[in-house]
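*Asks:* Shown below is the structure under consideration.
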Amino acid sequence: NHLGWKNSLLCFQQTSTTPPPRPPLHHLLLLLLSGLCAWGFNLDSKAPTVLIGPPGSFFGFSVDFYLPEEQSGSILVGAPKAETGQPEITQGGAVFYCPWHLGNNSCTTIEFDSSQGSRLEELNGTLEQMEFKSLQWFGATVKSHGKSILACAPLYSWRTTKDEPQREVVGTCYLSINNFTKFVEYAPCRSDLNSPAGQGYCQSGFSAEFTKAGRVLLGGPGSYFWQGQVFSATQEAIEESYDPEFLNVVVREELKTQQAHIKEDDSYLVLNGSDIRPLYNFSGEQVKRSICYTEFIWAQLDDLLIGAPLFMEKMEDGCVQEVGRVYIYLQKTYGMEPGASAVLTGDQEFGRFGSAIASLGDLNQDGYNDVAIGVPFGGTAKQGMVYVYNGQHNGLHPKPSQVLQGYWSPGQVPDFYGLALRGAKDLDGNGYPDLIVGAFGVDRAMVYRGRPIVHASATLSIFPTMFNPEERACTLEETGTPVACINLSFCLNASGKHVPDSIGFTVELHLDHLKHKGAVKRALFLHSQQSHFIQTLQVRNGASSECREMKIYLRNESEFRDKLSPIHLSLNFSLDPEAPTDAHGLQPILNYRTRNRIEQKAQIQLDCGEDNVCVPDLQLDVFGDHTVAYLGDKNTVNLSFHAMNRGEGGAYEAELHVTVPPEADYIGVQRNYGNISSQSCRYDTVNDTNMVICDLGNPMKAGVSLWGGLRFTVPRVTDAKPSIQFDFQIHSESFEASRPDAVPLPGWVPGRLVKREQDIGPAVCHVYEFVNDGPSAISEGVLDLSCPLQVQGRAVLYVTRYMVPANCTSNSPINPLRLQVKGDLCGWGNRKDEKCHEDECFQLHCRMGALQRQESVSLHFYFRIWSKSFQQVNLLYFWCSPDFNCLGRILCLGFFKRSLPYGTAMEKAQLKPQAASEA
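In mature numbering (1 follows the signal peptide of the UniProt record, and there is no 0), the protein residues as written are -40 to -1, 1 to 879.
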């Protein structure tokens, strides 16, 4: 299985300058028997440089930068199945050299091995072939350091010089010294220790690396019955010992590990570079296959990442799925702890998350190194993906800032995109590190350049925060009409490394997010009389903020109905897409954590006292002049109503809704009756129900008493029903209530078992209070409450309990997981097949019983927000607002209306009078 070959090497990174009081970590070596190390966010994913190799050569199996000081940067790409042209060698493998300044497809092979085929040697009077270079996978590992390049063939075989000849896979490497001026071979496992118990299956060069000082490190996973072995030697010693006439050579002062105790099998050993003795031993949960050092916190201490791409995660239903995992070990001043500081778990089943890990350097210039993680079988077509994670003070941010994918059409075989990664080098010299991604399944290597980062922030303010319709301090320029207005100001500042002195931005302002589609915008910008404003702004890099001021005016109150809800003002800013590119052909990008949308809101001053909060008290009396209807007669019916607001504030968008039964037809209002004008009532159809809707005022001020009359005919009377019912309801728009008004959700850990109530997510409480404000007692009150348990297939709410002194039934069990909760639980009845639109809902039906005048009953309804469904929940979506301190008053007649984005919740109170005379 050739896939396993690439996922294994040893890795080293030296950053410490002053060793702490312990074995010096700046000499650390890492022994890895299966894994990949390579050296993310603002990468230019839209226009990567694509290098394409010979078909079928596995071009892109390994990648690295080549950056000698006196030359422009280049790219090294291994192609372990490439043809070499040497006689009698099939697919010997090659390494390609791709100068950056020459552009795409300008790669040439590096002639590491100048011999013409496999070497021969006379043994016992017979000329024998001593080495076998066909299918040796030369180029499976490629590393560079300064002017040196190391390339290895881990499947290189040789014929031992023993009496009983054997062909053993020992592996070999070639070292290019001083910018291609000299090539030498380094094959530490081609020795007299060849046997299954020794180095016979060593495969040296399976993994390789340079230390920062330039020392060569090789890993050989097959030594000592696959226990593995590490070799270390200086370049000078390798060059000095090399002799092309000899297969077996001794390298001066070579360090190598010996066979260890059986307890060291299947472990990851971090070795002291001075003597290659174990310094740390990290034992994992499952098989691990990639590893890398980086330095998240710039404290001269290396941190360790270990990948386990075959990690099997246990799900909530008890099943397991292969998703992969990366373990993060943060180094302290006293060393590394045996347990991982944090873990990252993949989200693509069979994606092999963690097959490759690359330190990227500081991509976004925030002082923390970033990391790329390969998912070579991720994506819908299994083409492969690369996740970029930003570093922070405690390791890595748990969510990727960028996801890279190949853009070509899916092929017939896996692309293996992301199985080879290399970063932390600035190829184009723009001050930001770049990333190389190999995709050997399609013979490609992709170069993603780091784009300059702009850090920007904005402020938005309005003053005053309330429109006073009576104070018209501004004038419309075209008509000279005086209007009420307020002031708006916004400021923008920006800074960044290696970005232009002047940074272009596009600023967009939007006014008044409306509840109802097609409604009139209530406020507009004074200078344009539009609700949308766009401006291009130039901001000096690192200088003081660039600010602008303007005014917003309120339209005439007769032009709109909604005076209660806030008028929202939003500001969005982005980098100007038309700005020219820099000298490297790149445009800067905003830091992905930039908050580039901010909002403010203003209120319309209401007839509601100093606190601008209306608490209406709507009441309704209805009278009829006919009590008997006759079959075959028109049966004209006049119904009168008396609507009152006895509250302490106005009732906005107050309306009377009369449901017309199918036997009746609406004629019109009673003329010359009461104080409701003939234009205030309209006939409409709502949800296939015929209704008469009368406007009672916007606002219906406190203390107002309105009389009106409606005329109907009842031509379709039958003897099937003993009576005909007209339903009258009076209501107005009101604020919504819940505690708390918004809930920040913690990060959801996939596969976490839910045992306790708090394992679900944050708790939310709703309180609904029934109040009988009289004038008489009622015999029964009913509350119907609906809330969504799921939205678009995702769990939203989990009902834990409710408390109410009433007889309640629900269509779903309370606390179905039987979690440990606090408080008493109400019983529930049989499930009813009722639905809330397209979403599965929880429905509660409570019969309150009789209520005397001024008597009240409270319902406390508790639920939890599922943390795995959302990152942030604004409970305005769940019938919430802090304005009424989680208290919803449901009065005698009418219902408590709530406007919801999902359209799935309404709390409705129906109060039944004790006798008709008390209505």
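Virtual Cβ for every residue (Gly too), placed ideally from N, Cα, C. Please read these numbers as outputs of a predicted model, since none were measured by experiment.
1) For V211 versus P114, is the C-beta spacing smaller than 9 angstroms?
2) Are the CB atoms of A384 and V23 within a distance shorter than 9 angstroms?
3) Excluding the 5 residues preceding and the 5 following H820 in the sequence, name in chain order all residues of the same chain whose CB lies nearer than 8 angstroms to its CB.
4) Can you tell me where the alpha helix (DSSP H) with Y184 in it begins and where it stops?
5) Beta strand (DSSP E) containing Q498: first to last residue?
6) Using the Cβ count rule (16 or more neighbours within 10 Å means buried), how would you classify R237?
7) Can you give the Cα-Cα distance for E29 and G106, rounded to whole angstroms?
8) Report the rounded CA-to-CA distance for I70 versus S369, giving the unit in angstroms.
9) Kindly indicate which residue of I396, Y392, G389 has the alpha-carbon position closest to the one of G334.
10) Assuming the contact rule is C-beta atoms closer than 8 angstroms, Q565 and M345 should be a hit. Round their C-beta distance to whole Å, please.
11) With a threshold of 8 angstroms on Cβ separation, who are the neighbours of V363 within its own chain once the five nearest residues in sequence on each side are excluded?
12) Count the other CB atoms, across all protein chains shown, that sit within 10 Å of the CB of R631; report buried if there are 16 or more and exposed otherwise.
13) Please report how far the alpha carbon of I825 lies from the alpha carbon of C801, in whole angstroms.
14) According to the neighbour-count rule (16 or more other Cβ atoms, all chains shown, within 10 Å of its Cβ), is N732 buried or exposed?
15) Counting C-beta neighbours from all protein chains within 10 Å, is the total for D644 16 or more, i.e. buried, or is it exposed?
16) Cα separation between L777 and Y552?
17) Out of T141, N65, W60, W97, which one is the CA nearest neighbour of F18?
18) Assuming A603 and L656 are in contact, meaning their beta carbons sit under 8 angstroms apart, how far apart are those beta carbons, in whole angstroms?
19) Around the C-beta of residue 897, are 16 or more other C-beta atoms found within 10 angstroms, so that it is buried, or is it exposed?
20) Rounded to whole angstroms, what is the Cα-Cα separation between P537 and E431?
21) Taking contact to mean at least 3 C-beta pairs separated by less than 8 angstroms, is the segment 584 to 593 in contact with the segment 601 to 619?
22) Thinking A39 and G99 are a contact (beta carbons under 8 angstroms), I'd like their distance in whole angstroms, please.
23) Counting only beta-carbon atoms, is D388 nearer than 9 angstroms to chain D?
24) With I198 as the anchor, note down where its alpha helix (DSSP H) starts and where it stops.
25) Looking at G52 and K93, is the spacing between their C-beta atoms short of 9 angstroms?
26) With respect to the beta strand (DSSP E) encompassing Y26, which residues constitute its N-terminal and C-terminal limits?
27) From the DSSP secondary-structure annotation, give me the bridge partner or partners of R716.
28) What does DSSP give as the partner residues of F485 in its beta bridges?
29) For T217, list the residues DSSP reports as bridge partners.
30) Spatial neighbours of M660 within its chain, please: CB distance less than 6 angstroms, with the 5 preceding and 5 following residues excluded, ordered by chain position.
31) To the nearest angstrom, report how far apart L847 and S772 are at their CA atoms.
32) Using the C-alpha atoms, what's the distance from V209 back to Y202?
33) I believe R515 touches A483 by the beta-carbon criterion, under 8 angstroms. Please report the beta-carbon distance rounded to the nearest angstrom.
34) Determine the closest residue to A193 out of A318, S816, G174, with distance taken between C-alpha atoms.
35) Could you tell me which of N329, A268, G295, G278 sits nearest to T305, measuring between CA atoms?
36) Work out the CA separation of E717 and V373 for me, nearest whole Å.
*Replies:* From the atom records:
1) Position 251 of the sequence shown holds residue 211. Position 154 of the sequence shown holds residue 114. No, Cβ-Cβ distance for V211 and P114 is not below 9 angstroms.
2) Taking the sequence shown and counting its residues from 1, the one referred to as residue 23 is at position 63. Taking the sequence shown and counting its residues from 1, the one referred to as residue 384 is at position 424. Contact: no.
3) Position 860 of the sequence shown, counted from the start, is the residue given in the question as residue 820. Closer than 8 angstroms at the Cβ level, and outside the excluded window around H820, lie C725, H726, V727, Y762, M763, V764.
4) By 1-based counting over the sequence shown, the position of residue 184 is 224. First-last of the alpha helix (DSSP H) with Y184: 183 to 186.
5) As a position in the sequence shown, residue 498 is number 538, starting the count at 1. That run of the beta strand (DSSP E) goes 492 to 500.
6) The count along the sequence shown starts at 1 and reaches residue 237 at position 277. Burial check for R237: the Cβ neighbour count within 10 Å stays below 16, so the residue is exposed.
7) Taking the first residue of the sequence shown as position 1, residue 29 is located at position 69. Taking the first residue of the sequence shown as position 1, residue 106 is located at position 146. Each residue's alpha carbon lies about 7 angstroms from the other.
8) Taking the sequence shown and counting its residues from 1, one reaches residue 70 at position 110. Taking the sequence shown and counting its residues from 1, one reaches residue 369 at position 409. Distance between the alpha carbons of I70 and S369 is about 31 angstroms.
9) Residue 334 sits at position 374 when you count from the first residue of the sequence shown. Checking every option, the nearest Cα to that of G334 belongs to I396.
10) Taking the sequence shown and counting its residues from 1, one reaches residue 565 at position 605. Taking the sequence shown and counting its residues from 1, one reaches residue 345 at position 385. The pair is not a contact, with the Cβ atoms about 54 angstroms apart (cut-off 8 angstroms).
11) As a position in the sequence shown, residue 363 is number 403, starting the count at 1. Hits under 8 angstroms: M345, V346, Y347, V348.
12) For the purposes of this step, residue 631 is taken as the residue at position 671 of the sequence shown. R631 should be labelled exposed.
13) Here the question's residue 825 lines up with position 865 in the sequence shown. Here the question's residue 801 lines up with position 841 in the sequence shown. So the two alpha carbons sit approximately 14 angstroms from each other.
14) One-based indexing of the sequence shown puts residue 732 at position 772. N732 comes out buried.
15) Here residue 644 refers to the residue found at position 684 of the sequence shown. Exposed is the call here.
16) Residue 777 sits at position 817 when you count from the first residue of the sequence shown. Residue 552 sits at position 592 when you count from the first residue of the sequence shown. Roughly 39 angstroms between the two C-alpha positions.
17) Position 58 of the sequence shown, counted from the first residue, corresponds to residue 18. If we check each option's Cα against that of F18, W97 comes out closest.
18) To locate residue 603, count along the sequence shown from 1; it is residue 643. To locate residue 656, count along the sequence shown from 1; it is residue 696. About 6 angstroms separates the two Cβ atoms, so the contact holds.
19) Outside the shown range of the chain (-40 to 879) lies residue 897, about which nothing can therefore be said.
20) By one-based count along the sequence shown, residue 537 stands at place 577. By one-based count along the sequence shown, residue 431 stands at place 471. Answer to the nearest angstrom: the Cα atoms are 41 angstroms apart.
21) no
22) As a working mapping, residue 39 is identified with position 79 in the sequence shown. As a working mapping, residue 99 is identified with position 139 in the sequence shown. About 5 angstroms separates the two Cβ atoms, so the contact holds.
23) In the structure shown, chain D cannot be found, because there is only a single protein chain.
24) Mapped onto the sequence shown, residue 198 falls at position 238. DSSP places I198 inside the alpha helix (DSSP H), whose first and last residues are 195 to 201.
25) Taking the sequence shown and counting its residues from 1, one reaches residue 93 at position 133. Taking the sequence shown and counting its residues from 1, one reaches residue 52 at position 92. Yes, the Cβ-Cβ distance between K93 and G52 is below 9 angstroms.
26) One-based indexing of the sequence shown puts residue 26 at position 66. Secondary structure note for Y26: its beta strand (DSSP E) is the uninterrupted segment 22 to 26.
27) Sequence index remark: in the sequence shown, residue 716 carries index 756 (1-based). Paired residue(s): Q780.
28) On the sequence shown, residue 485 is found 525 positions in, with the first residue counted as 1. Answer by DSSP bridge pairing, in chain order: I512.
29) Position 257 of the sequence shown, counted from the start, is the residue given in the question as residue 217. Beta-bridge pairing links T217 to no other residue.
30) Here residue 660 refers to the residue found at position 700 of the sequence shown. If we look at M660 and ignore the five residues flanking it on each side, its Cβ neighbours are N605, A611, A614.
31) Looking up residue 847 in the sequence shown gives position 887. Looking up residue 772 in the sequence shown gives position 812. The predicted model places L847 with a pLDDT of 27, which falls under 50 and marks its position as unreliable, so this point remains unresolved.
32) Your numbering for residue 202 matches position 242 in the sequence shown. Your numbering for residue 209 matches position 249 in the sequence shown. For Y202 and V209, the distance between alpha carbons rounds to 7 angstroms.
33) In the sequence shown, the residue the question calls residue 515 occupies position 555. In the sequence shown, the residue the question calls residue 483 occupies position 523. Confirmed, about 7 angstroms.
34) As a first step, residue 193 must be located in the sequence shown, where it is residue number 233. With distances taken between Cα atoms, A193 lies closest to G174.
35) Locating residue 305 in the sequence shown gives position 345, where the first residue counts as 1. For T305, the closest alpha carbon among the candidates N329, A268, G295, G278 is that of A268.
36) Start at 1 with the first residue of the sequence shown, and residue 373 comes out as number 413. Start at 1 with the first residue of the sequence shown, and residue 717 comes out as number 757. Straight-line Cα distance between these residues: approximately 47 angstroms.
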